[in-house]
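For reference, the structure discussed in these notes is given below.
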Amino acid sequence: MMVDLLNAILVIILVMNLFALGTSRILAVIRIIGAQGALLGAVSLLLHEHLSMPSVLAAAVAIVFKGIIIPAIMIRALRDAHIKREVEPLIGFIPSILLGAIATAFALLFSGEPVLMGQEPANLIVPTSLATVLVGFILLTTRFKALSQVLGYLALENGIYIFSLLLVEAIPLVVEMGMLLDLFVGIFVISIITNHINRAFASMDTRRLVSLKE
Amino acid sequence: MVYAMVLFPLFMAGIAAAIPMNRVRPWLLPFSAVIHFSLTVLVLVSPELAHETGWFVLDPVGKVILLVVDTLVLFSSFYAVGYLMQRLERSNRFFTAGILGFLGLTSVVTWSHHLGVTWVAIEGTTLVTAPLIYFNRTKTSIEATWRYLLVGSVGIALALLGTFFLAYALLRQGITPSLLLEDLVPLSPELSKPWLRAAFILLLIGFGTKMGLAPMHTWKPDAYGEAPAVVGAILAGGVTSCAFLAFLRVYQICLAAGEGAFASRILLYMGLFSMAVAGLFMVGQRDFKRLLAYSSVEHMGILIFGLGVGAPALFGTLLHVMMNALTKGVLFLSAGNIHRAYNSRNIGQVHGAFRRLPVSGILFFLGFLAITASPPFGPFVSIFAIVTGAFDAGKTPGAVLFLLFLLLVFFGMGRTVLAVTLGESPSRESQYRDTFLTAAPIILVMALVLALGLYLPTPLTELLQEAVSFMEKWS
């Protein structure tokens, strides 16, 4: 029963990945990634049979940081930057959905192999984690707006966070380690918001950073 | 002891951030570096101090890296005072605090036997060094910092995933996972092989990004080019050595798990690839600070190649960590002086450094000779040991390619270096001259590089031997 609910949530997370790949509106992507972060809290609570301190902590961290605080400051940064859409990504939106779907299928196959699956409880944690990491990577490498890249990084981080939930009972430290990645996000967003960076590449289009190219 | 070594620099970083005097603050750097270096020497000579219960143990490999980074920071800190005194128009608060913070985190990396703690410290080094690259506040330095953080953060994230994979490789076998080296190494034959291999690759990419191995080196030319020379020296000699140490831990687990052959193959390819990429970008490189960045990519390739060769080259590899760090110090610091004298990094504007800045010009040239493994300097000894190790291990094709790439680098780098140093100095004179603080530390490091090339003192050889047997103990 628990496993069914857990898998349903994980499937929603996978679908959200594809949505994030397919929309050009940055605000929508912020909301999707934020909602995904909040869902990680639910995953953390459902994953282990008995609730333990580390998994409750992990859930709280996900909901508060990934679900509320980070999306809020991202929206603030978006408003400051006066942009709405990602224009002309390296790979079009439809092709990137397809690429994301291939990545998801790959992740399901990879972790579905008997060698790798073994005595695992039949849930989708590992493939969802890997698929989300791959989708984050696609977002990160094919989008040019600084904010979109940060969102890609957030997706990648969400994927890693899902994986860390497997270990949270044995090594409680993993929650803190995952949280440290958020420091980077904080710095990225702060540097976008603060004038230095905002003015320097006003549209935050990393393609304009050509002066350092070979 | 570990707490003193970690907390003291962090405490000084706090003081640096708190005091308002721009003129006094830089002196905190040599002050802290001297004390930290003394602590390091104390630990090295009295082994009973190196054992701390729990997660912190200073093993021989950690000692080597600690000694390397501390020596480099010690000399750079005096140079930094000279540099910052010329740049009083800019607040050096974050600069000073950043370098001190880095020193504290280096101590964590070298002492830690917990892969999680090591990872946290490596992440920390990325964070504290970012403001250093940003010091000049120009548009290009913002770009460089952005790229450094973005590429670095992805590398760090992948290293974290790799660390989790490693723990999961135990969990899958029904063993309570642990990230403590003392637990992991004896258990490593039990690790689930596919997960261990996946972890190894992710950690190689992750820490390789911090080291600046090709093709994850893209941040390096920008960051090293834009950052002040001291920061270039600390990044190229310090941060890369710390990341290399973190990777050594992973490599050790792989060896203990009986996956040495798998690891070795990948490392040989990665190493040669980095050397080739660096060599190609060095040919025709007109910016001499970016040239040094590619040289750093090349030498990270050499280290990874040395690891790939395995036991016969291990001594040379560890020695090369030391030689590379020191020689990079000479190159970056002297290049920084030349940069400031000409106000340009392009060989279109910069020539005749021998006449214009005799001391820095000669040091830059000697540094070039040393880093390209010309005798009688230190890197010659370490690279020679790696090459003979490779031939002994029967990796003949790899060793031949290795020598070819060294030759390519020598010519590529040589053209730019000669363009900088020879010729007539442009008549447009600036007031800049070598000063005691910006020249003497480089002369001393250069003398050290030369001395170590002529003669390796017994305590150092013993330390390196201990480190080699520590690595081999579990293989």
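Here the protein sequences line up with chains A and B, keeping their order. Mapping to our numbering: the first sequence position 199 is 234, numbers consecutive. Mapping to our numbering: the second sequence position 464 is 581, numbers consecutive. Cβ coordinates follow ideal geometry from the N, Cα and C atoms, glycine included. Note that the structure is a prediction, hence the values are computed from the model and not measured.
Strictly below 9 Å CB to CB, what residues from chain B border I195 of chain A?
Taking the beta carbon of I195 of chain A as reference, the chain B residues within 9 Å of it are A274, L275, L277, L278 and F281, listed in sequence order.
Could you say if the segment 196-211 of chain A and the segment 77-90 of chain A meet the contact criterion of at least three C-beta pairs nearer than 8 Å?
With a cut-off of 8 Å, the segment 77-90 of chain A and the segment 196-211 of chain A count as touching, because enough Cβ pairs lie within range.
Whole-number beta carbon distance between A190 of chain A and G221 of chain A, since they are thought to touch under 8 Å: About 16 Å separates the CB atoms of G221 of chain A and A190 of chain A; that is not less than 8 Å, and the two are not in contact.
* **Residue interval of the alpha helix (DSSP H) (run including H437 of chain B)** => In the DSSP annotation of this structure, the continuous segment of the alpha helix (DSSP H) that includes H437 of chain B starts and ends at A428 to Y459.
Quiz item: Taking G135 of chain A as the reference, which of A:V224, A:A43 and A:T163 has the closest Cα?
Solution: Nearest option by C-alpha distance: A:T163.
### Message
Please tell me whether V91 of chain A has its Cβ less than 8 Å away from any Cβ of chain B.
### Response
Judged by the 8 Å Cβ criterion, V91 of chain A is not in contact with chain B.
>> Are the CB atoms of A346 of chain B and A452 of chain B within a distance shorter than 8 Å?
In response: Closer than 8 Å, so yes.
Kindly confirm or deny that the segment 143-150 of chain B and the segment 167-184 of chain B touch, where touching means at least three C-beta pairs closer than 8 Å.
Not touching, per the Cβ criterion.
Item checked: chain B contact residues for M214 of chain A, given Cβ-Cβ distances below 9 Å -> When 9 Å is used as the limit between beta carbons, M214 of chain A is near no residue of chain B, the shortest such separation being about 11 Å.
**Message:** Closest to I61 of chain A by C-alpha separation, out of A:E204, A:P207, A:L174 and A:I47, would be which residue?
**Reply:** Among A:E204, A:P207, A:L174 and A:I47, the Cα nearest to that of I61 of chain A belongs to A:L174.
Inset, instruction - Please compile the residues from chain B whose C-beta is within a distance smaller than 7 Å of the C-beta of I67 of chain A. - result: Chain-ordered listing is empty here: chain B has no CB closer than 7 Å to the CB of I67 of chain A, the nearest sitting near 19 Å.
Checklist entry - If you draw a straight line from the alpha carbon of V50 of chain A to that of V562 of chain B, how long is it in whole angstroms? => result Distance between the alpha carbons of V50 of chain A and V562 of chain B is about 57 Å.
task: Verify whether the separation of the beta carbon atoms of I216 of chain B and K327 of chain B is less than 8 Å.
output: Contact flag unset, no.
Q | Expected contact under 8 Å - CB spacing of F154 of chain B and W228 of chain B to nearest Å | A | That belief does not hold up - the Cβ atoms of F154 of chain B and W228 of chain B are roughly 16 Å apart, past 8 Å.
| query | With respect to the alpha helix (DSSP H) encompassing T578 of chain B, which residues constitute its N-terminal and C-terminal limits? | reply | Here the alpha helix (DSSP H) through T578 of chain B covers T575 to E589.
Output needed for V367 of chain B: all residues of its chain with C-beta closer than 6 Å, excluding positions within five of it in sequence on either side, in chain order. Only L320 meet the Cβ criterion.
>> Can you check which of these residues, B:F211, B:S270 and B:P294, is closest to Y251 of chain B by C-alpha distance?
In response: Minimum Cα distance to Y251 of chain B is reached at B:F211.
Compile a chain-ordered list of the residues in the segment 227-250 of chain B whose CB is closer than 9 Å to at least one CB of chain A. For the segment 227-250 of chain B, which is checked against every Cβ of chain A, the residues closer than 9 Å are H231, G233, V234, W236, V237, E240, G241, T243, L244 and A247.
Who are S229 of chain B's beta bridge partners in DSSP? Its beta-bridge partners are B:F173.
- Selection of the segment 197-227 of chain A by Cβ proximity to chain B, strictly under 9 Å: Answer in chain order: F198, S199, L201, L202, A205, I206, L208, V209, E211, M212, G213, L215, L216, L218, F219, V220, I222, F223 and S226.
Using three-state DSSP, classify V123 of chain B as helix, strand or coil. DSSP places V123 of chain B in helix when its eight states are reduced to three.
| request: Could you work out which residues of chain A lie near S270 of chain B, taking near to mean beta carbons separated by less than 7 Å? | output: Residues of chain A with a Cβ closer than 7 Å to the Cβ of S270 of chain B are, in chain order, Y188 and F219.
Note to self: List, in chain order, every chain B residue whose beta-carbon is nearer than 8 Å to that of Q184 of chain A.
What the structure shows: Residues of chain B with a Cβ closer than 8 Å to the Cβ of Q184 of chain A are, in chain order, L267.
Can you give the Cα-Cα distance for F501 of chain B and L384 of chain B, rounded to whole angstroms?
Looking at the two C-alpha atoms, the distance is approximately 19 Å.
_Contact list for Y285 of chain B against chain A, beta-carbon separation under 9 Å_ = In chain order, V161, F198, L201 and L202 make up the part of chain A whose C-beta sits under 9 Å from the C-beta of Y285 of chain B.
- Please go through the same chain and pick out, in chain order, the residues whose beta-carbon is closer than 8 Å to the beta-carbon of P149 of chain A, but skip the five residues on each side of it. Any answer about P149 of chain A is weak, because its pLDDT of 43 lies below 50 and its placement is not dependable; what the coordinates show is given next. Answer for P149 of chain A: no residue qualifies.
Worksheet item: In chain order, what residues of the same chain lie with their CB nearer than 7 Å to the CB of L201 of chain A, ignoring the 5 residues before and after it?
Response: Once the five neighbours on either side are set aside, the close Cβ partners of L201 of chain A are I160.
### Where E192 of chain A meets chain B, residues with beta-carbon distance less than 7 Å
The answer, in chain order, is A274.
| What does a CB cutoff of less than 7 Å around N230 of chain A pick up in its chain, not counting 5 residues either side in sequence? | Unreliable positioning characterises N230 of chain A in this predicted model, as indicated by a pLDDT of 47, which lies under 50. The coordinate reading is nonetheless provided below. Excluding residues within five positions, none has a Cβ falling inside 7 Å.
Inset, instruction - Please name the residue, chosen from A:M88, A:L208 and A:S90, that lies closest to L232 of chain B on a Cα-to-Cα basis. - result: Measuring from the Cα of L232 of chain B, the nearest candidate turns out to be A:L208.
So V168 of chain A contacts chain B; which residues on that side make the cut at Cβ distance below 8 Å? Residues of chain B passing the Cβ test: L278.
How should H117 of chain A be labelled, buried or exposed, when 16 other C-beta atoms within 10 angstroms of its C-beta is the threshold for buried? Classification of H117 of chain A: exposed, given that the 10 Å Cβ count is below 16.
Exposed or buried, what is A324 of chain B when buried is set at 16 or more other beta-carbons lying within 10 Å of its beta-carbon? The sequence given here places Phe at residue 324 of chain B; Ala does not occur at that position. Taking all protein chains in view, the Cβ of F324 of chain B is crowded by 16 or more other Cβ atoms within 10 Å, so the residue is classified as buried.
Check your understanding: Is N193 of chain A helix, strand or coil by DSSP?
Key -> DSSP places N193 of chain A in helix when its eight states are reduced to three.
(request) Please classify H168 of chain B: does DSSP put it in a helix, a strand, or coil? (result) The answer is strand: DSSP assigns H168 of chain B an E or B state.
>> Using the three-state DSSP reduction, which class does D509 of chain B fall into: helix, strand or coil?
In response: Residue state, collapsed to three classes: helix.
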